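The structure appears below as C-alpha cells.
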Amino acid sequence: LVVAERGRNRAFVDLLLERQGLNESRGKSKGRSDDYVPNNLDQINEIVNRQRASVLYYSVAAGYLYAWLIAPTKGIIKFHSATLNDSADSELNEGGDPVCNGAGVLERLVTAVRDSLGLELSPCSTINEDQYSEDPISERTGFLRMVNRQHLLNSSNYSLSSLFSLGSIGGSVASLQGSTRSSASTQGSTRASNRQSWKGPACLHALYQLLIQPFEDFLPCKGAVNKGTRRELILVLEGDLYLVPFPVLRSSNDNSEYLCERFSLLVVPNLSSLRMGRHRKQENEQTVKSLVIGNPKLPHSITEHWGWKDIPQAEQEANIVAELLQTQALVGNQATKEQILAQIQEAECVHFATHVSWKLSSLVLSPSEVLEQSQSKRLYMSDNAEEDEGSEVSTSAELPPLSEFLLSAADLLSTRMSAKLVVISSSHTRDQQGWATSDGLVALVRALLAAGVQAVLVSLWPVPDTATKILLRAFYSALLQGTRAARALAEAMQTVQHTKHFAHPANWAGFVLVGMNIRLSSKVALMGQALCELLRVPDKCRDALRVTLHLVEKSLQRIHRGQKNAMYTTQKSIENKVGTVMGWKELLMSVGFRFEPASNGIPSSVFFPQSDPDERLTQCSASLQALLGLTSTSLHALSKLTANA
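Per this note's numbering, residue 164 is the first one in the sequence shown, and the count goes up by one each step.
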C-alpha cells in the first residue's frame, strides 16, 4: 500500500507543489514533497483518520489487482488481491457476455459494460429524444433499447416539467430534492419491480465481484440513504479503473441497491491529495465567481476535419448553469481560448459544455479569430514544423493551429487556478469522441488538480440532453444550498433515476467526481440555509420574517438614497422581537449585515450593509415577502418539505 501510494503520486505532488509556488528551491521542494507523500502505514492511516469516509484503494501491478479497505480510526480492515489474467477473466464472465481478446481484463470488462448499456457508436451518434416513441419495439437495440418508454425501467416517478421550472434556487432545490426523497419512499415497489426485471449484464456483475464484493461484509448495509445519513466512500483509482461505472455496481441479488444509492462516491488519484487539500487557504468570498462556457463556435474547416459539430444543446445547458450560478455564459464566438484563459484563474466554479478531444487531452474552444487561408497556412505550418510524419494531426492549409482553439492539459498545467470545482460536460458529443479514454481523462483531470483545482466532475459517455440538464440542475442547486459535491452528485443521479424516461443507468451513471469533496462558498447558499432554518418553526416564524424584512428594506432604502454613514441597531432589540426562532442571524449575515460583539460599554450591535453586491438584499426581500404572503397551511407544508430536503 505504501509503495503504491508513493509510486503513483511522487511526480504529481512535485508538480502540484510547483503550481502552489512552494518550491523556492530544489532542496526545499524535496523536503515539502516528502511532507506530503506518506512514508509508512501510520501516515496513511493518519490521512484516512481525517476523513469522514472509508477508503477503497485500488492498485494494478504486474498483472494483479490489489485492493485495500481502510476506515477512519480502524486502519486497514480488509486486503484483497486478484489476478488479471485470461483464466480469471473467464471465471468472472461465466455469465457469458462476449469480451474481445487481446486487451486487459479491466479494459475488456469496461468495453463490455459500455456495449451492454447501449453506448454503441452508430445508435449513439443519432440521439434524438423525440424519435424513441416512433421506432418499432423490434428495432430498440443498443441505446434505443434503454429509452423505450414502455420499458419497465422507465417508470414515471415524476414528470420532467417539475424539474425545469426556472424559479428561485431554493424552489428548485425543494422541487428536486423533495421529489427525490418522496420518490425513494413512495416508489419503493416500483424500483423493486425494476430491479427484478433488469439485473444488469454479466460483465457488470463481474466488475462488482472483482471490485466491491470482496469488501461487502465490511461495508455498511443498504438503506442508509432513507434515513438521511448517506455515507461517503472514497475510491482511489488509476488507469482503466477511472472508466468503471462505479455508481451502478451492485450485486445480482434481487432488490440490491446501486453503489451510488448506498454511498456518496468520491474519486481521488492518491491519498496524498486529501492531505494537501487541508493546506488550501480558506477564502471568504462573498459570492461564487463562476465561468460558464458553452458550444464554442468553430470554423467550418475544423468542423469538417475533426467532426466537432455545432452543439446548440450545450449552449442551452450553459445558459441553465449560468442562471443558477448568477453569471453570463460565454457561448459561440465569445468562448475563445484567449477569453477563457483571461478569466479562469479567478473563477471559483468553471463549467465547460463543449466538445472534448480525449485523444489529445484537450477541451475544444473557439479560435480567437477566423484566420484567412494564407495566414492559417503560414501559422499552422510554422507551429507544426517539427511534427512527425506519422502524426494524426492534419497539415491541411485550411486549418488553424491546434494551439489556437484547444485548451490542452499542457495549457492547464501552466495556469495557476483557484477553482473549487471544474465541470467537464462532454456528454453532447454524439460519436466515438464523446467516450472518455483513461489516458485522456487522467491527463486532463491531473492537469486541473495540479493547476490548483480542488474537484473535477467529468462525464464518461454521451447522455441524452434532457437527462444531462436534469442532473446538472439538481447538482448545482444542491451545491448552492451548501451540500457537499459528492452528496450533491449522488442526489442528482437519484433525481434522474427517478425521472420519467431516464431510469436506465446509461442516463446517470457516467459521471465521475475526482478530487476534494468541496462545498461552494456562496452567500446565496447561506441565504437558503437560513430561510430553511427560519421555517423550522412555522407557528412562530412570521414575526422573525417581518423583522428581518424590515431590516432588509431599511438597508435597501439607505443604499438607494446614497446614505453612507454607518447605522446599527442592538442585537438585543432584534432578539426581543424575533423570539426564539433560529436562522435570522445567519440570514442577515448572508446579505451583508455585520455583527459586532459588545466592547467598551457598547452592547452587541448589528451594522447595516452599505452596498448590495449581486443584489442579494433585493433577492432576500423578495423571498421574505413571498413567504409572508403564504397562508399558515402553506407555511406548514413548506416547513415539512424543507425539513426533509
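Even glycine gets a Cβ: it sits at the ideal position worked out from N, Cα and C. Nothing here was measured: the structure is a model prediction, and the numbers come from that model.
Go to tryptophan 231, then tell me how far its beta strand (DSSP E) extends in each direction, as first and last residue. In the sequence shown, counting from the first residue as 1, residue 231 sits at position 68. 227-234 is the extent of the beta strand (DSSP E) around tryptophan 231.
Is the number of C-beta pairs between the region 797-805 and the region 769-785 that are closer than 8 Å three or more? no
Leaving out five residues before and five after glutamine 445 in sequence, what residues of the same chain have Cβ atoms less than 6 Å from its Cβ? Taking the sequence shown and counting its residues from 1, one reaches residue 445 at position 282. For glutamine 445, the pLDDT reaches just 46, beneath the cut-off of 50, and the residue's location in the model is therefore unreliable, although a value from the coordinates is still provided. Within the same chain, glutamine 445 has no close Cβ partners at all.
Ordered along the chain, which non-local residues of its own chain (more than five positions away) have a Cβ less than 6 Å from that of asparagine 458? To locate residue 458, count along the sequence shown from 1; it is residue 295. Answer for asparagine 458: Ile474, Ala477, Glu478 and Val494, listed in chain order.
Considering only residues of the same chain and omitting the five flanking positions on each side of leucine 516, which have a CB-CB separation below 6 Å? The residue labelled residue 516 in the question sits at position 353 within the sequence shown. Note on residue identity: the sequence assigns alanine, not leucine, to residue 516. Result list for alanine 516: Gly457, Ala477, Glu480, Ala481 and Ser588, in chain order.
Under three-state DSSP, which class holds glutamate 395? For the purposes of this step, residue 395 is identified with residue 232 of the sequence shown, where counting begins at 1. Glutamate 395: strand per DSSP, three-state reduction.
Are the region 631-643 and the region 596-614 in contact at 8 Å, needing three or more beta carbon pairs? no
Use the C-beta contact count for threonine 490: other C-beta atoms within 10 angstroms, 16 or more gives buried, fewer gives exposed. The count along the sequence shown starts at 1 and reaches residue 490 at position 327. So threonine 490 counts as buried.
Own chain, CB closer than 8 Å to lysine 703, minus 5 neighbours either side, in chain order: Your numbering for residue 703 matches position 540 in the sequence shown. Cβ neighbours of lysine 703 beyond the five flanking positions: Gly742, Thr743 and Val744.
Our contact map puts glycine 678 next to valine 626 with C-beta atoms below 8 Å; I'd like the distance itself, whole angstroms only. In the sequence shown, the residue the question calls residue 678 occupies position 515. In the sequence shown, the residue the question calls residue 626 occupies position 463. About 21 Å; that fails the 8 Å criterion.
Which residues in the same chain as leucine 569 place their Cβ atom closer than 6 Å to its Cβ, once the five residues preceding and following it in sequence are excluded? To locate residue 569, count along the sequence shown from 1; it is residue 406. Only Ser525 meet the Cβ criterion.
Do leucine 623 and valine 585 have their CB atoms nearer than 8 Å? In the sequence shown, the residue the question calls residue 623 occupies position 460. In the sequence shown, the residue the question calls residue 585 occupies position 422. It is not a contact, given that the beta carbons lie outside the stated cut-off.
Rank Thr794, Ser415, Gly603 and Tyr731 by C-alpha distance to the C-alpha of valine 769 and give the top, closest one. Your numbering for residue 769 matches position 606 in the sequence shown. If we check each option's Cα against that of valine 769, Tyr731 comes out closest.
Should the region 267-279 be regarded as contacting the region 364-382, the criterion being three or more beta carbon pairs within less than 8 Å? yes
Who are the Cβ neighbours of arginine 647 in its own chain at under 6 Å, not counting the five residues just before and after it? Mapped onto the sequence shown, residue 647 falls at position 484. Within the same chain, arginine 647 has close Cβ partners Asn680 and Arg682.
Are there 16 or more other CB atoms within 10 angstroms of the CB of alanine 618, so buried, or fewer, so exposed? Numbered from its first residue, the sequence shown carries residue 618 at position 455. Flag for alanine 618 reads buried.
Starting from alanine 224, follow the beta strand (DSSP E) in both directions and report where the run begins and ends. Locating residue 224 in the sequence shown gives position 61, counting from the first residue. Alanine 224 -> beta strand (DSSP E) spans 217-224.
Quick one: Cα of threonine 711 to Cα of serine 786, how far? Translated into the one-based positions of the sequence shown, residue 711 becomes position 548. Translated into the one-based positions of the sequence shown, residue 786 becomes position 623. For threonine 711 and serine 786, the distance between alpha carbons rounds to 11 Å.
In angstroms with no decimal places, state the Cα-to-Cα distance between leucine 396 and leucine 429. Sequence index remark: in the sequence shown, residue 396 carries index 233 (1-based). Sequence index remark: in the sequence shown, residue 429 carries index 266 (1-based). Cα to Cα, leucine 396 sits roughly 6 Å from leucine 429.
Report the partner residues of proline 459 according to the DSSP bridge assignment. On the sequence shown, position 296 is the one that residue 459 refers to. Per DSSP, Gly495.
For proline 793, which residues of its own chain have a beta-carbon under 8 Å away from its beta-carbon, when the five flanking residues on both sides are left out? Taking the sequence shown and counting its residues from 1, one reaches residue 793 at position 630. This sequence places leucine at residue 793; proline is not what is there. Result list for leucine 793: Leu801, in chain order.
For serine 435, count neighbouring C-beta atoms within 10 Å of its own C-beta (all shown protein chains included) and say buried if the count is 16 or more, exposed if not. Looking up residue 435 in the sequence shown gives position 272. So serine 435 ends up on the buried side.
Using a Cβ-Cβ cutoff of less than 6 Å, which residues in the same chain neighbour alanine 599 once the five nearest sequence positions on both sides are dropped? Here the question's residue 599 lines up with position 436 in the sequence shown. Answer for alanine 599: Trp521 and Leu623, listed in chain order.
In the DSSP assignment, what are the bridge partners of leucine 569? By one-based count along the sequence shown, residue 569 stands at place 406. The partner list for leucine 569 (beta bridge, DSSP) reads Val527.
Okay, do the region 655-668 and the region 750-763 touch, 3+ Cβ pairs below 8 Å being the bar? no
Where glutamine 657 and arginine 724 are concerned, what is the direct C-alpha to C-alpha distance, given to the nearest angstrom? The residue labelled residue 657 in the question sits at position 494 within the sequence shown. The residue labelled residue 724 in the question sits at position 561 within the sequence shown. Using only the alpha carbons, I get a separation of about 48 Å.
Checking 8 Å against the spacing of the C-beta atoms, do valine 675 and tyrosine 421 come in under that value? Taking the first residue of the sequence shown as position 1, residue 675 is located at position 512. Taking the first residue of the sequence shown as position 1, residue 421 is located at position 258. Result no, Cβ atoms of valine 675 and tyrosine 421 do not sit closer than 8 Å.
Leaving out five residues on either side along the sequence, give the residues of the same chain with a beta carbon under 8 Å from the beta carbon of arginine 171. Numbered from 1 along the sequence shown, position 8 holds the residue referred to as residue 171. Ser222, Glu401, Pro432 and Asn433.
Can you grab the Cα-Cα spacing for the pair isoleucine 375 / glutamine 734, in whole Å? Locating residue 375 in the sequence shown gives position 212, where the first residue counts as 1. Locating residue 734 in the sequence shown gives position 571, where the first residue counts as 1. Approximately 54 Å between the Cα atoms of the pair.
Could you pull out every residue in the same chain whose Cβ sits closer than 6 Å to the Cβ of histidine 518, ignoring the five residues on either side in sequence? What you label residue 518 is simply residue 355 of the sequence shown in a count that begins at 1. Trp471, Val527 and Thr592.
With DSSP run on the structure shown, which of helix, strand or coil describes lysine 583? Reading the sequence shown from its first residue, position 420 is the one you call residue 583. Coil, per DSSP.
In the DSSP assignment, the beta strand (DSSP E) including isoleucine 239 goes from what residue to what residue? Sequence index remark: in the sequence shown, residue 239 carries index 76 (1-based). Counting along the chain, the beta strand (DSSP E) containing isoleucine 239 begins and ends at 238-246.
For serine 774, collect the residues of the same chain with a Cβ closer than 8 Å to its Cβ; drop the 5 residues on either side in sequence, then sort them by chain order. If you number the sequence shown from 1, residue 774 lands on position 611. So the qualifying residues of the chain are Ile722 and Gly755.
Could you give the first and the last residue of the continuous alpha helix (DSSP H) run that contains leucine 488? Indexing the sequence shown from 1 puts residue 488 at position 325. Start and end: 475-488.
Considering only the alpha carbon of each residue, which of Asp205, Gln502, Cys512 and Asn496 lies closest to leucine 488? Translated into positions along the sequence shown, residue 488 becomes position 325. Comparing Cα positions, the closest option is Cys512.
Per DSSP, cross-strand counterpart(s) of threonine 733: Taking the first residue of the sequence shown as position 1, residue 733 is located at position 570. Threonine 733 is bridged to Ser768.
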